[in-house]
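Structure first, commentary second.
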Amino acid sequence: MAQTSQRLVMTSTRIEKLSLSDKTDSLMKPIPTKVHGLLDYTTGALFMASPWLFDFADNDKARQVALGTGVAVLGLSAFTDYEAGVVKKVPMTTHLTVDTLSGLLVAASPWLLGFAKRIVWPHLAFGILEVGAGLLTQPKPTSQKLI
300 MAQTSQRLVM TSTRIEKLSL SDKTDSLMKP IPTKVHGLLD YTTGALFMAS
350 PWLFDFADND KARQVALGTG VAVLGLSAFT DYEAGVVKKV PMTTHLTVDT
400 LSGLLVAASP WLLGFAKRIV WPHLAFGILE VGAGLLTQPK PTSQKLI
């Protein structure tokens, strides 16, 4: 039976028990939730603007994926329980799972929806970024203040 070393850490509002696995998570997942939140709002807005920035607004499917995904990222971010969240109802682990799965779909969307001959790279890049962020972000916020 493996033993886990633990220590108590006092935050401004509560006492938390940290274990060795918490430290391992932060080493293996280098993106803090605070940074993830800033990335969420930035990439969500940029992906919504991408049809006009990268001149594919004339392609309905490509534009709808970009706009829909951008809105979904902003909405999920606002409802996530992390430093950048407003309502704080969605657990961070759920947020990261949604990021990973939606990133896979967005990256594949040019081929799945048939617009790969017109535009690929914004969807592929955004999808890969979402998957990376989902897999490399620490699952627990370190604080509840963004700044």
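For the sequence shown, the working numbering begins at 300 and goes up steadily by one. Idealized CB from N, CA, C, for every residue including glycine.
query = Which first and last residues belong to the alpha helix (DSSP H) in which residue 427 is found?
reply = Start and end: 420 to 435.
inquiry  = Using 8 Å for Cβ pairs, my map puts residue 375 next to residue 389. What's the rounded Cβ distance?
reply    = Rounded to whole angstroms, the Cβ separation of residue 375 and residue 389 is 7 Å, and the two are in contact under 8 Å.
request  = Using three-state DSSP, classify residue 389 as helix, strand or coil.
outcome  = If DSSP states are grouped into helix, strand and coil, residue 389 belongs with the strands.
query = So the alpha helix (DSSP H) residue 350 belongs to, where does it begin and stop?
reply = Membership of residue 350 in the alpha helix (DSSP H) is indicated by the continuous run 332 to 352.
key: Nearest-angstrom Cα separation, counted from residue 385 out to residue 414   = If I take the Cα positions, the gap works out to 35 Å.
Residue 353 beta carbon less than 8 Å from that of residue 421 = Contact: yes.
Spatially closest choice to residue 341 from 364, 436, 370, 358, by CA coordinates = Here the closest residue by C-alpha is 370.
request  = Could you pull out every residue in the same chain whose Cβ sits closer than 6 Å to the Cβ of residue 409, ignoring the five residues on either side in sequence?
outcome  = Excluding positions up to five away in sequence, the list reads 415, 419, 422.
query = Which value, in whole angstroms, describes the spacing of the CA atoms of residue 431 and residue 399?
reply = Rounded to whole angstroms, residue 431 to residue 399 spans 7 Å at the Cα level.
inquiry  = On a Cα-Cα basis, can you pick out the residue from 427, 434, 391, 407 that is closest to residue 453?
reply    = This structure gives no information on residue 453, because the portion of the chain shown stretches from 300 to 446.
query = Between residue 401 and residue 382, is the Cβ-Cβ spacing less than 8 Å?
reply = Not closer than 8 Å, so no.
request  = Report, in whole angstroms, the separation of the C-beta atoms of residue 438 and residue 395, which I expect to be a contact under 8 Å.
outcome  = Sure, about 6 Å apart at Cβ, within 8 Å.
ask   = How would you call residue 347, buried or exposed, if buried means at least 16 neighbouring beta carbons within 10 angstroms?
value = Buried, since its Cβ has 16 or more Cβ neighbours within 10 Å.
ask   = Mapping DSSP to helix, strand and coil, what is residue 441?
value = The answer is coil: DSSP assigns residue 441 none of H, G, I, E or B.
request  = Give the straight-line distance between the Cα atoms of residue 336 and residue 392, rounded to the nearest whole angstrom.
outcome  = Residue 336 and residue 392: Cα-Cα distance of roughly 13 Å.
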